[in-house]
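Just remember that this note's numbering sits 20 ahead of the position in the sequence shown, which is counted from 1. In this text, a Cβ means the ideal position worked out from N, Cα and C, and glycines have one as well.
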Amino acid sequence: MAESKVRYNTDIPTEYFLKYRDNAESKPGDFYYGRDTDMLYKTWIAMKRGALVGVCTGVAMGTYPPVEGFSIGPALEKAYRHGLPPFIAATTFGVTMSLTANIRHKEDALNHAIGGYAAGTMIGAWYKSQKIGVATGILLAIVASSFKKSSDYGIFERSMQNRHERVFDFYRTGWMIERPPQEGVDDAEKNDAVKHYSP
């Protein structure tokens with residue numbers, strides 16, 4: 021009798037493995053997981069990241085000690101001038117990346133690269149400098165695509181933690197009382213493989 025042969029190829033292609041596998045996501049990298057076509061979610065995550073960076077940048081630039089002293093007016097102006105671009109760029113990144121994924125019907129690093137370049141051009145438009153826009157766009161495109169490619173291969177994944185062993189007598193703790201043990205807990209260590217019964 022002839023040996024049986026596999027009729028179909030049972031190997032999982034890399035594209036489907038990366039798309040359908042279960043990921044243990046970490047908070048800093050959760051933007052690079054999930055479906056890129058979900059525009060509302062991706063844009064919301066990008067806006068939160070951009071707002072955080074924008075606030076930090078605005079506070080740092082607004083409180084930077086000038087030579088002539090500190091005054092609230094120029095400080096707010098500097099905070100607005102340098103704090104808003106990260107928020108605008110991050111929002112542009114989320115919208116562009118998700119829109120590209122919906123148009124291409126693919127979820128890969130190219131979507132993030134296009135989104136990164138669009139975000140960089142927004143920074144260049146804010147500062148009215150084509151050189152800043154091109155340089156920042158190329159830099160963000162490389163960084164975003166690298167992060168996406170790294171997340172596909174589990175760089176941001178956390179190791180799955182084993183559950184703690186069940187504590188059988190935890191329920192016995194109480195206020196000034198000690199409840200009786202659950203049935204069978206006290207004789208769990210006994211060897212009952214052979215039992216002798218007497219009539």
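Residue of the options minimising C-alpha distance to residue i
i      : options                        : result
Thr120 : Asn131, Tyr100, Thr112         : Asn131
Tyr61  : Ala129, Met117, Ser166         : Met117
Tyr100 : Val75, Ala109, Glu127, Ala110  : Val75
Thr111 : Ser91, Val73, Lys126           : Val73
Ala155 : Ile143, Gly78, Arg55           : Ile143
Gly240 : Phe107, Phe167, Asp172, Ser171 : What the structure shows of the chain is the stretch from 21 to 219, and residue 240 is not part of that stretch, so it cannot be assessed.
Val163 : Tyr137, Tyr147, Thr57          : Tyr137
Arg55  : Trp146, Ile92, Asn122, Lys98   : Asn122
Gly114 : Ser170, His102, Arg69, Ser166  : Arg69
Asp128 : Gly153, Ser91, Lys148, Ser170  : Ser170
Leu160 : Lys148, Trp146, Gly135         : Gly135
Met67  : Ser149, Ala109, Gly153         : Ala109
Ala133 : Gly153, Lys126, Lys148, Ile158 : Ile158
Close-in-space but distant-in-sequence residues of the same chain around residue i (CB under 7 Å, 5 per side omitted)
i      : result
Leu96  : Gly82
Gly93  : none
Pro105 : Ile143, Trp146
Close-in-space but distant-in-sequence residues of the same chain around residue i (CB under 8 Å, 5 per side omitted)
i      : result
Lys151 : Gly144
Arg124 : Leu130, Asn131
Val187 : Its pLDDT being 46, under 50, Val187 is placed unreliably by the model, and the measurement read from it follows with that caveat. Once the five neighbours on either side are set aside, Val187 has no close Cβ partner at all.
Three-state secondary structure assigned by DSSP to residue i
i      : result
Lys169 : helix
Ser91  : coil
Ser149 : coil
Arg55  : coil
Lys68  : helix
Ile162 : helix
Thr102 : The amino acid occupying residue 102 in the given sequence is His; Thr does not appear at that position. In this structure, His102 counts as helix in the three-state DSSP scheme.
Ala133 : helix
Gly126 : In the sequence as presented, Gly is not what sits at residue 126; that position holds Lys. In the structure shown, Lys126 sits in coil (DSSP, three-state: anything other than H, G, I, E or B).
Thr83  : coil
Close-in-space but distant-in-sequence residues of the same chain around residue i (CB under 6 Å, 5 per side omitted)
i      : result
His184 : Only weak support is given to the placement of His184: the predicted model assigns it a pLDDT of 46, under 50, and the question is left unresolved by the model.
Thr57  : Ala121, Asn122
Ala71  : Phe107
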